[in-house]
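Here is the structure we will look at, set down as structure tokens.
Protein chains in written order, with this note's numbering: chain A, 1189 to 1486; chain B, 141 to 383.
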């Protein structure tokens, strides 16, 4: 009943754990069977291992949080050797979230991932917390288009492009990425934001700005999903402050095929299970046989 | 499989010193000294994140936490009364190594005294307690019977030594040291103990998830970046690099 299909890959339900909030699943396996998820998007990978940012990495805001982790990850090879064997034993879709500082980084990363069992690549052109590359690719349509086109030309896996809400124009950005070959889009990543420690008279984060996520961004993310769904005809994965089944249904009604749960994983490790069960109950109660019936209904 | 957040019913929640509260929950809780729980004292999404608080004592499933009111989350928790419910997740992290021998010192600064009661009770040897406070000392009546000597310092000299607790401590007198407190104090202790006496240090950091997923609470160690919530909060002194 809750099955969805994205770029030829079947998901048992539309709930995916968002990149950067779920590690590689191991920490959550202690709390629920992670194969119950529709999919898992890996911690953001870069070609080479990264230690991430120094200083404060987390700051709470009203109904949300800011983070400046800085893509701490084991690198693509480290992921393939140390993390993927655990993930591939689980019956769930694996999205390899791939970031990069240069186009060559992305391409080398894709070549390595091509030879693995990951089901899809989620091209991350939207991380706000790395100084070079990252979000820089996700702001301007022409740079985004270039990296997507080259990445798609060598990718043997379906490729979803994760958009930044900080793009100059989210609709143009989405259109440019689809024109460049994106098989699907996920949106949105965190919002570029600022917090100041008034006693130290300094920004909270070493990088000054950081990424804002959580329920506080949901209405804006929802609007962006709605707008983008009107200008592209590829599947959209909605992301942004989803912590309940009602939130998830809103995103689907706004045009999303699936959704990702991010910050919500931090306030309840098995929150995704609540959301999956809530969607099933909602569908039963409302007499909905397939999510396609309500997708983009508004 | 561990359970996710569970309800805890408050048996008491008392201010034992200015802004310092002792919270007791009735139930069947578990944990070892140095471990912590993530606590939510509200159902709303603001504050968004739970608060990590270390186990102060555990007795037949009844759990005690000692916490300082620092921000909105702990302020809300401090207003809860007997019979109120809160959500907790734990026990989390790795606690203190209790396999010890010789003469032991426990050194705490401020609210860093929180894990010392359960630690002192769990050691097979009575330790000496060194505790520093900004102002009036607290929690000592609870710990007193489980330790040998208590050495005390206050910033203003209202009780005990006037100055830092580290000024009273001589590492050459001990075979093992456990510490918990503010980063500047622990930095001094790490320097004092280095090469002289083994040290276990309980680290504190901002946390979002408490279970190792967000990578928000990392610390630099000799093995590379590690998570305070997962690989810690207790580390060996020689493993940690404090900036």
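Glycine included, each C-beta is placed from N, C-alpha and C at the ideal position.
- Setting aside the 5 residues that flank it on each side, residue 1410 of chain A is surrounded in the same chain by 1426, 1428, 1438, 1439, 1442, each with a C-beta closer than 8 Å to its C-beta; the list follows chain order.
- Inter-residue distance for residue 347 of chain B and residue 1400 of chain A is about 16 Å (C-alpha atoms, whole angstroms).
- As the crow flies, the alpha-carbon of residue 1407 of chain A is around 52 Å from that of residue 303 of chain B.
- Residue state for residue 166 of chain B is assigned as strand, using DSSP reduced to three classes.
- Interface criterion met: the Cβ of residue 1260 of chain A is under 7 Å from a Cβ in chain B.
- Non-local C-beta neighbours of residue 1466 of chain A in its own chain, meaning closer than 8 Å and more than five positions away in sequence, comprise 1432, 1433, 1434, 1436, ordered along the chain.
- When secondary structure is reduced to three states using DSSP, residue 333 of chain B falls in the helix class.
- Around residue 1251 of chain A, the beta-carbon contacts reaching into chain B at under 7 Å are 185, 186, 188.
- Under the DSSP assignment, residue 1410 of chain A falls outside any beta strand (DSSP E), being part of the alpha helix (DSSP H) whose first and last residues are 1406-1417.
- Straight-line measurement puts the Cα of residue 1373 of chain A at about 36 Å from the Cα of residue 213 of chain B.
- The beta carbons of residue 322 of chain B and residue 272 of chain B sit no closer together than 7 Å.
- Against chain A, the beta carbon of residue 365 of chain B has neighbours under 7 Å at 1239, 1240, 1260, listed in chain order.
- According to the DSSP assignment, residue 176 of chain B belongs to the beta strand (DSSP E) that extends over 176-180.
- Cβ-Cβ distances below 6 Å link residue 253 of chain B to 271, 279 in the same chain, with the five nearest sequence neighbours on each side left out; the list follows chain order.
- Residue 177 of chain B has a beta carbon lying at 7 Å or more from every beta carbon in chain A.
- Within the same chain, Cβ atoms closer than 7 Å to the Cβ of residue 232 of chain B are found at 175, 176, 177, 178, 350, 351, 369, the five residues on either side in sequence being excluded.
- Looking at B:296, B:216, B:247, B:260, the one whose alpha-carbon comes closest to that of residue 284 of chain B is B:260.
- Contact check for residue 1314 of chain A against residue 1326 of chain A passes: the beta carbons are separated by less than 7 Å.
- Shown here for residue 301 of chain B: same chain residues with a beta carbon closer than 8 Å to its own, the five before and five after excluded, namely 291, 292, 293, 294, 307, 308 in chain order.
- Think of a sphere of 7 Å around the beta carbon of residue 1458 of chain A: the chain B residues whose beta carbon falls inside it are 144, in chain order.
- The beta carbon of residue 378 of chain B is closer than 6 Å to none in its chain, skipping five residues each way along the sequence.
- Secondary-structure assignment with DSSP links residue 292 of chain B through a beta bridge to B:271.
- Proximity of chain B to residue 1255 of chain A at the Cβ level (cut-off 8 Å) is accounted for by 348, 354, 356, in chain order.
- Nearest Cα to residue 310 of chain B within the set B:324, B:336, B:165, B:297: B:336.
- Within chain B, no C-beta atom comes nearer than 9 Å to that of residue 1387 of chain A; the closest sits roughly 13 Å away.
- Closer than 7 Å to the CB of residue 1215 of chain A there is at least one CB belonging to chain B.
- By the CB criterion at 7 Å, residue 343 of chain B and residue 364 of chain B fall outside the cutoff.
- Here residue 1367 of chain A has 1333 as same chain residues with Cβ atoms under 8 Å from its own Cβ, once five neighbours each way along the sequence are excluded.
- Counting the other Cβ atoms within 10 Å of the Cβ of residue 381 of chain B gives fewer than 16, which makes it exposed.
- Below 8 Å, enough C-beta pairs join the region 1222-1236 of chain A and the region 1292-1300 of chain A to call them touching: three or more.
- Per DSSP, reduced to three states, the secondary structure at residue 1210 of chain A is coil, with no helix or strand assignment.
- By the Cβ rule, the region 1450-1462 of chain A does not count as touching the region 147-161 of chain B, because fewer than three pairs are nearer than 8 Å.
- Residue 1398 of chain A and residue 1224 of chain A have their C-alpha atoms some 32 Å from each other.
- With contacts defined as CB atoms closer than 7 Å, residue 277 of chain B and residue 320 of chain B fail to qualify as a contacting pair.
- With fewer than 16 other CB atoms across the displayed protein chains lying within 10 angstroms of its CB, residue 215 of chain B is exposed.
- Spanning the alpha carbons of residue 1307 of chain A and residue 275 of chain B requires a straight line of approximately 59 Å.
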